[in-house]
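See below for the structure under consideration.
There are 2 protein chains.
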Amino acid sequence: MSTKTDDRTAAGATPEQLGIGMRFSVHPHTDAFVEVIGGALADAAAAGRTEGLVLDTDEVSTYVGARTEPAEQRLVDYLTAVVAAAHRRSGGGHVVAHVLFSRGCPGEVACDLAVTGLPRPAPVQVEPTGIRAAAQWSLYPLLDGGTDAGDHMAHIEAAIRAATARGTASSPAHYATRLTGDVADVLATAVDAWAQVGAVVPHVVSHLTVSVGSPTAAGA
Amino acid sequence: MSTKTDDRTAAGATPEQLGIGMRFSVHPHTDAFVEVIGGALADAAAAGRTEGLVLDTDEVSTYVGARTEPAEQRLVDYLTAVVAAAHRRSGGGHVVAHVLFSRGCPGEVACDLAVTGLPRPAPVQVEPTGIRAAAQWSLYPLLDGGTDAGDHMAHIEAAIRAATARGTASSPAHYATRLTGDVADVLATAVDAWAQVGAVVPHVVSHLTVSVGSPTAAGA
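In order, the protein sequences belong to chains A and L. For the first sequence, my numbering begins at 62 and goes up steadily by one. For the second sequence, my numbering begins at 62 and goes up steadily by one.
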């Protein structure tokens, strides 16, 4: 048991109880993809970025569960380290990462969440990487009918306004919002929006496809 | 205006009015990724798979909007053709596709959907490719509080039961369900589930990460 007295502890739910975590996959577009992926995961671990996290890799992706606070900060630090290392290890080549952030549904199939108070974490702080990214971002507040949590689109529109004010949301697209900027700032935008909606809606998921080193970007 | 008398036309909304479509990206893990992606998109177009669809590619992904019926069939046929062609063009190598299916929110930011009746399309029929895929699948019924559309998890659990009965859903994982089988059957599972929930909930999104030719699978 923690003896901290921050907002989240006061709310009575640990990151594990809330099921705060992500699944991600990283795709180096190179013949050496096995070495690049393995090397990037090892680099992030060697840099201490797996502290407070539980990892489980399968054929499609890697599950990362946050076990201790600050949960969102640990997730974004780890993910930023893996993407930056994969980019570096592929010689600045084209790497795409796909990420699913989830909170509020800790089980594998059903959500057995007795919410006693939702945390309101502080925004994350991530050191810039110097690597430019373009991303496609979507946010899903998973409401139930018959609750008083409002209109799902209102939460999404508020998150897009916050990302626009921050300077990472550049333009809307069908089904997603385009984010551009340093990879650290792009990832932080998605993590902060997901955590903020999670202060109001228990079950919130966000998906992000992040591209670095794209020849399309270089040619544009 | 269409003069067809099928269920969807009777419901009064075209695929375009409902915003039925997808965004996808395809990731060949090879130095020749530019040629493989370009060639796969060209192959699918040459095979007539873009009929009834509107395509728009940007730096991160390709938007595909269905304009004519059968909307879901057109989407799954095109996607299956692209993934199979990318796998073939990379010499049977490792290719991952990420797909976002969406319906019920035709605008770029807001949902201006006046629902007069939701379509209940027939299940899609896709020719097997002979290519084995493993996927990570998630389904998001985007309800609003105060409606009578029920519990979002009940819709998800029903979809997982249907996929299990079909034989593609093999095991649950945190935040996603694992699907395995012929790539055509894996894609059809996700498309059918998304369309079925769409008969009850207007705004439904599904994400799918599909992996073929993975060395992890070969080693397992």
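C-beta atoms are modelled at their ideal positions from N, C-alpha and C, and glycine is treated no differently.
Could you tell me which chain L residues have their CB closer than 8 Å to the CB of residue i, listed as they occur along the chain?
| i | result |
| --- | --- |
| A:Glu169 | Pro233, Ala234, His235 |
| A:Tyr124 | Ala234, His235, Tyr236 |
Does the separation of the CB atoms of residue i and residue j fall below 8 Å?
| i | j | result |
| --- | --- | --- |
| L:Thr141 | L:Ala223 | no |
| L:Leu102 | L:Arg135 | no |
| L:His264 | A:Asp205 | no |
| L:Val273 | L:Ala194 | yes |
| A:Thr238 | A:Ile221 | yes |
| A:Pro180 | A:Ala278 | no |
| L:Ala234 | L:Gln197 | yes |
| L:Leu203 | L:Ala254 | no |
| L:Val137 | L:Val252 | yes |
| A:Asp92 | L:Asp92 | yes |
| A:Ala105 | A:Val143 | yes |
| L:Pro167 | L:Gln78 | yes |
| A:Glu120 | L:Ser275 | yes |
| A:Gly178 | A:Gly259 | no |
According to DSSP, simplified to helix, strand and coil, what is residue i?
| i | result |
| --- | --- |
| A:Glu188 | coil |
| L:Leu203 | coil |
| L:Tyr236 | coil |
| L:Asp253 | helix |
| A:Asp117 | strand |
| A:His99 | According to the sequence shown, residue 99 of chain A is Gly rather than His. A:Gly99 falls in the helix class under three-state DSSP. |
| L:Val273 | strand |
| A:Arg222 | helix |
| A:Ala196 | strand |
| A:Asp67 | At A:Asp67, the pLDDT of 41 sits below 50, so the modelled position is not reliable; the number obtained from the coordinates is stated separately. DSSP places A:Asp67 in coil when its eight states are reduced to three. |
| L:Arg227 | helix |
| A:Ala281 | Below a pLDDT of 50, predicted positions are generally treated as unreliable, and A:Ala281, at 43, falls in that range; no measurement from the model is reported. |
| L:Asp92 | coil |
| A:His268 | strand |
| A:Asp212 | coil |
| A:Val87 | strand |
| A:Gly80 | coil |
Residues of chain A with CB closer than 8 Å to the CB of residue i, please, in chain order.
| i | result |
| --- | --- |
| L:Pro89 | His90 |
| L:His213 | Leu203, Leu204, Asp205, His264 |
| L:Pro182 | What L:Pro182 touches in chain A: nothing, since even the nearest Cβ is about 19 Å away. |
| L:His155 | Phe94 |
| L:Ser199 | Leu161, Val266 |
At a CB-CB cut-off below 7 Å, which residues of chain L make contact with residue i?
| i | result |
| --- | --- |
| A:Glu133 | The premise fails here: A:Glu133 is roughly 16 Å from chain L at the closest Cβ pair, so nothing lies under 7 Å. |
| A:His159 | His159, Thr270 |
| A:Cys227 | It should be noted that the sequence gives Arg, not Cys, for residue 227 of chain A. Result: empty, since nearest Cβ-Cβ is about 17 Å, beyond 7 Å. |
| A:Ser151 | Those within 7 Å of A:Ser151 in chain L number zero; the least Cβ separation is about 10 Å. |
Please list the partners that residue i has in chain A, where partner means a Cβ-to-Cβ separation under 9 Å.
| i | result |
| --- | --- |
| L:Ala28 | Given a span of 62 to 281 for chain L in the structure shown, any question on residue 28 of chain L remains unanswerable. |
| L:Val144 | The premise fails here: L:Val144 is roughly 14 Å from chain A at the closest Cβ pair, so nothing lies under 9 Å. |
In chain L, which residues lie less than 9 Å from residue i when you measure between Cβ atoms?
| i | result |
| --- | --- |
| A:Pro76 | The premise fails here: A:Pro76 is roughly 13 Å from chain L at the closest Cβ pair, so nothing lies under 9 Å. |
Residues of chain A with CB closer than 7 Å to the CB of residue i, please, in chain order.
| i | result |
| --- | --- |
| L:Thr277 | Glu120 |
| L:Gly82 | His235 |
**Message:** Measuring CB atoms only, is the segment 86 to 93 of chain L touching the segment 178 to 192 of chain A, in the sense that at least three cross pairs come out at less than 8 Å?
**Reply:** Contact between the segment 86 to 93 of chain L and the segment 178 to 192 of chain A is absent, with fewer than three C-beta pairs closer than 8 Å.
**Request:** Check whether the segment 260 to 275 of chain A touches the segment 155 to 163 of chain A, taking contact to mean three or more Cβ pairs, one atom from each stretch, closer than 8 Å.
**Result:** Yes, the segment 260 to 275 of chain A is in contact with the segment 155 to 163 of chain A.
**Asked** Below 8 Å, can you find three or more Cβ-Cβ pairs linking the segment 109 to 118 of chain A to the segment 226 to 238 of chain A?
**Response** Contact check between the segment 109 to 118 of chain A and the segment 226 to 238 of chain A: fewer than three CB pairs, one atom from each, fall below 8 Å, which does not count as touching.
**Asked** Are three or more beta carbon pairs between the segment 73 to 84 of chain L and the segment 95 to 102 of chain L nearer than 8 Å?
**Response** Because the criterion of three Cβ pairs below 8 Å is not met, the segment 73 to 84 of chain L and the segment 95 to 102 of chain L do not touch.
**Message:** Using 8 Å as the cut-off, can you tell me whether the segment 254 to 268 of chain A makes contact with the segment 148 to 156 of chain A, which would need three or more C-beta pairs spanning the two stretches below that distance?
**Reply:** Verdict: no, contact absent.
**Message:** Tell me whether the segment 246 to 258 of chain L and the segment 114 to 131 of chain L touch, counting them as touching only if at least three CB pairs, one residue from each stretch, are closer than 8 Å.
**Reply:** The answer is no - the segment 114 to 131 of chain L does not touch the segment 246 to 258 of chain L, with fewer than three Cβ pairs under 8 Å.
**Prompt:** For the segment 119 to 165 of chain L, which segments carrying the alpha helix (DSSP H) assignment without a break, of at least 4 residues, lie completely within its bounds, in sequence order?
**Reply:** The qualifying runs are 132 to 150.
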